[in-house]
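S.K.: Below is a structure I'd like to ask you about.
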Amino acid sequence: METQLTRYNFWIITINSTASFVMAYLFIFYVNQMMFVLTAGMYDYPITIDYATYFFHIEPYQWTHDAVFVIFSAGYIATLLIGILSILGFYSLLADPIPVKIFFFWLFIHSATYFFGGLLLGNLLTQGMGHVFNWMYLQDTAKLLLAMVGFFGLLTVSIFAFSMITTSANVYFVKFTEKISPFFLTAQVFVPYLIGSVMVYLYFVPKSFFHERFSWIILGMMLIIFYMRSRFGDELMFDDDDNRKIRPMRGLVIFTLLFYLGSRLIMHNGFYFGWN
Numbered sequence: 026m027e028t029q030l031t032r033y034n035f036w037i038i039t040i041n042s043t044a045s046f047v048m049a050y051l052f053i054f055y056v057n058q059m060m061f062v063l064t065a066g067m068y069d070y071p072i073t074i075d076y077a078t079y080f081f082h083i084e085p086y087q088w089t090h091d092a093v094f095v096i097f098s099a100g101y102i103a104t105l106l107i108g109i110l111s112i113l114g115f116y117s118l119l120a121d122p123i124p125v126k127i128f129f130f131w132l133f134i135h136s137a138t139y140f141f142g143g144l145l146l147g148n149l150l151t152q153g154m155g156h157v158f159n160w161m162y163l164q165d166t167a168k169l170l171l172a173m174v175g176f177f178g179l180l181t182v183s184i185f186a187f188s189m190i191t192t193s194a195n196v197y198f199v200k201f202t203e204k205i206s207p208f209f210l211t212a213q214v215f216v217p218y219l220i221g222s223v224m225v226y227l228y229f230v231p232k233s234f235f236h237e238r239f240s241w242i243i244l245g246m247m248l249i250i251f252y253m254r255s256r257f258g259d260e261l262m263f264d265d266d267d268n269r270k271i272r273p274m275r276g277l278v279i280f281t282l283l284f285y286l287g288s289r290l291i292m293h294n295g296f297y298f299g300w301n
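Using my numbering, you'd call the opening residue of the sequence shown number 26 and step up by one each time.
So, in structure tokens, the structure goes:
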């Protein structure tokens, strides 16, 4: 077992997880961009989307309560559904040493960060989901309660995520022990968070929207809780499997790089959607 704890294997695990981190983030982002397009079409609002932002080609007086509620909440609802599906996908593969589970893990984490972070910071800063709450004329008490839901949602996800990541160790190891824990958690979670956050930041430069500016802070706070929880983890034993091996996920890594560069170039000038 100790022979697997090499620098080479460390970076293989890190690269696999970083590719999953970045791809999951971009997937969530573009799902939300498409939800803006689809819901804007319901109200015949012309819209332009690009690699970082969106813009509605309408006058302020053309906004209605229904339009604000549907357009600015649809992406959050879709993201919540993606998060639920990612959990189902992860646990459907729980017993199998399949590296794609790491993608489902990061998809769940980014979905939770987007949804609960939107309730917390979006509400306080009047961004994203905060637009909906403003147009609903919610009292400060109601807004505070929603922000608390966001906070405790992030806290719960941070604690729950630890069990997901420790069980995902069966992708590479036959058991998860106290000796393996620092090596694995650093390669699987903490370094991919640092590298992935930088890659996400560079993707949206020079533009950045609400979630792109603050998601790394929210996720960093979640990982601090995650780290504190990891100090009290139990040892796990997994079934033997001949397919278990520390190897690069070449398909996902290559696809992520192509999508990262290709989507940034293709979406640079944006796409206009008019409905007349």
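Every residue gets a Cβ at the ideal spot worked out from N, C-alpha and C, and that includes glycine.
Straight-line CA distance for Asp264 to Lys270?
M.R.: Cα-Cα distance, rounded: 13 Å.
S.K.: Can you pull the DSSP bridge partners for Leu30?
M.R.: DSSP output for Leu30 lists no bridge partner at all.
S.K.: In whole angstroms, give me the CA-to-CA distance for Val95 and Pro122.
M.R.: The straight-line gap from Cα to Cα measures roughly 40 Å.
S.K.: According to DSSP, simplified to helix, strand and coil, what is Leu170?
M.R.: Residue state, collapsed to three classes: helix.
S.K.: Ignore the nearest five residues each way along the sequence and tell me which others in Gly108's own chain have a CB closer than 7 Å to its CB.
M.R.: Excluding residues within five positions, the ones whose Cβ falls inside 7 Å are Phe133, Ser136, Ala137, Phe140.
S.K.: Can you tell me which of Gly295, Leu30, Val182, Ala194 puts its alpha carbon nearest to the alpha carbon of Arg254?
M.R.: The residue with the shortest Cα to Cα distance from Arg254 is Val182.
S.K.: Am I right that Leu248 and Ala194 are in contact with their C-beta atoms under 8 Å? What's the rounded C-beta distance?
M.R.: That pair is no contact at about 17 Å.
S.K.: Using the C-alpha atoms, what's the distance from Ala167 back to Leu283?
M.R.: One C-alpha to the other measures close to 44 Å.
S.K.: Tell whether a beta-carbon distance below 8 Å holds between Tyr76 and Ser288.
M.R.: Cβ atoms of Tyr76 and Ser288: closer than 8 Å.
S.K.: Within its chain, find whatever has a CB closer than 6 Å to the CB of Trp241; leave out the 5 residues flanking it on each side and keep chain order.
M.R.: The answer, listed in chain order, is Ser222.
S.K.: Give me the Cα-Cα distance between Lys232 and Ile74, rounded to the nearest whole angstrom.
M.R.: Answer to the nearest angstrom: the Cα atoms are 12 Å apart.
S.K.: At 4 residues or longer, what runs of the alpha helix (DSSP H) sit wholly inside the stretch 171 to 219?
M.R.: Those alpha helix (DSSP H) runs which fall completely within the stretch 171 to 219 and span 4+ residues are 205 to 210.
S.K.: If you follow the beta strand (DSSP E) that Ile72 is part of, which residue opens it and which one closes it?
M.R.: Note, Ile72: beta strand (DSSP E), 72 to 74.
S.K.: Would you tell me roughly how many angstroms separate the C-alpha atoms of Arg272 and Phe251, rounded to the nearest one?
M.R.: Cα to Cα, Arg272 sits roughly 26 Å from Phe251.
S.K.: Where do the ends of the alpha helix (DSSP H) carrying Tyr86 lie?
M.R.: Note, Tyr86: premise wrong, no alpha helix (DSSP H); not H, not E.
S.K.: What first and last residue would you give for the beta strand (DSSP E) that runs through Tyr297?
M.R.: Here the beta strand (DSSP E) through Tyr297 covers 296 to 298.
S.K.: Leaving aside the five residues before and after Gly66 along the sequence, list all residues of the same chain whose C-beta is less than 6 Å from its C-beta, in chain order.
M.R.: Here the set comprises Trp300.
S.K.: Helix, strand or coil: how does DSSP classify Met262 here?
M.R.: Residue state, collapsed to three classes: strand.
S.K.: Can you round the beta-carbon distance between Ala49 and Phe128 to whole angstroms, since I take them to be within the 8 Å contact cut?
M.R.: With a Cβ gap of about 6 Å, Ala49 and Phe128 count as contacting.
S.K.: Just the C-alpha distance for Leu63 and Leu180, rounded to the nearest angstrom, thanks.
M.R.: Spanning the two alpha carbons is a distance of roughly 32 Å.
S.K.: Leaving out five residues before and five after Trp131 in sequence, what residues of the same chain have Cβ atoms less than 6 Å from its Cβ?
M.R.: Excluding sequence neighbours, Trp131 sits near Ser45, Phe46, Ala49.
S.K.: Using a threshold of 8 Å, state whether the C-beta atoms of Gln34 and Pro124 are closer than that.
M.R.: Looking at the sequence itself, residue 34 is Asn, so the reference to Gln does not match. Against a cut-off of 8 Å, the Cβ pair of Pro124 and Asn34 comes out as no contact.
S.K.: Just to confirm, are Leu146 and Phe61 a CB contact at a threshold of 8 Å?
M.R.: The answer is no: Cβ separation not under 8 Å.
S.K.: Any idea if Thr384 is buried or exposed, counting beta-carbon neighbours within 10 angstroms, 16 or more meaning buried?
M.R.: In the structure as shown, the chain starts at 26 and stops at 301, and residue 384 therefore has no counterpart that could be examined.
S.K.: Taking the alpha carbon of Ile37 as the point to measure from, which residue in Asp91, Leu105, Ser98, Thr211 has its own alpha carbon closest?
M.R.: Nearest C-alpha to Ile37: Thr211.
S.K.: Between which two residues does the alpha helix (DSSP H) holding Ser233 run?
M.R.: Unbroken run through Ser233: none, as it is neither H nor E.
S.K.: Let me check one thing: in DSSP terms, what residues is Phe35 bridge-paired to?
M.R.: Partner(s): none; Phe35 has no beta bridge.
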